[in-house]
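Report on the structure given below.
Numbering (the working numbering), first residue to last: 29 to 197.
Right under this line is the structure:
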């Protein structure tokens, strides 16, 4: 069995015939056993093998969806960059040590997957509004970010990368 993230399935299948070929893309925390792994095509044996080694395996039935899933890993760097800006602001503005601010924010970021797992029937937006209940600072911050369309540059970055990805194929 051959595993690869950067080469189309057809090319791998030809190169490794008669072996079964599955494409995988790991997240950044795979070494720590807490990462998502994208898989194409769905393969129960591969999924079972990797499920035990990491957080989750997300199998795709369409190769283009697998390709698009690789962009999720890009967002990790963007979240880390955002964490750096927020922790620096906390340190500069409040006087908190930057390592404390970074640890606090990182722990709060870890709450997100827990909330998603605890409330699988709710969308992330619904959970955000649940946390940001009326009159809270969280709601005020959410409203400000939505007014500023803070999500737009992130979506635009994904769109640009998706277009480049499709041109490269």
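Cβ coordinates follow ideal geometry from the N, Cα and C atoms, glycine included.
Item                                                                                                                                   : Value
Using alpha carbons as the reference points, say which of 107, 162, 149 lies closest to residue 136.                                   : 107
Sort out for me which residues DSSP pairs residue 122 with in a bridge.                                                                : Looking at the DSSP assignment, residue 122 forms no beta bridge with any residue, so it has no partner.
What number of angstroms, rounded off, separates the C-alpha of residue 194 from the C-alpha of residue 88?                            : 17 Å
In whole angstroms, what separates the C-alpha of residue 70 from that of residue 50?                                                  : 8 Å
Compute the Euclidean distance between the alpha carbons of residue 130 and residue 124, then round it to the nearest angstrom.        : 10 Å
Under DSSP, the alpha helix (DSSP H) around residue 166 begins and ends at which residues?                                             : 165-175
Report, in whole angstroms, the separation of the C-beta atoms of residue 67 and residue 85, which I expect to be a contact under 8 Å. : 5 Å
Touch check for the stretch 55-65 and the stretch 35-42: three-plus C-beta pairs under 8 Å?                                            : no
Specify the secondary structure class of residue 56 as computed by DSSP and reduced to three states.                                   : coil
DSSP state of residue 64, grouped into three classes?                                                                                  : strand
May I have the straight-line CA-CA distance separating residue 121 from residue 91, to the nearest angstrom?                           : 47 Å
Quick check: what's the CA-CA separation for residue 172 versus residue 44?                                                            : 53 Å
List the residues that DSSP assigns as beta-bridge partners of residue 87.                                                             : 67
So residue 155 and residue 133 are supposed to be a Cβ contact under 8 Å. How far apart are they, rounded?                             : Going by Cβ atoms, the distance from residue 155 to residue 133 rounds to 18 Å, so no, they are not a contact pair.
What whole-angstrom Cβ distance do residue 54 and residue 63 have, given they're in contact under 8 Å?                                 : 6 Å
Quick check: the Cα distance between residue 180 and residue 75, rounded to an integer number of angstroms?                            : 34 Å
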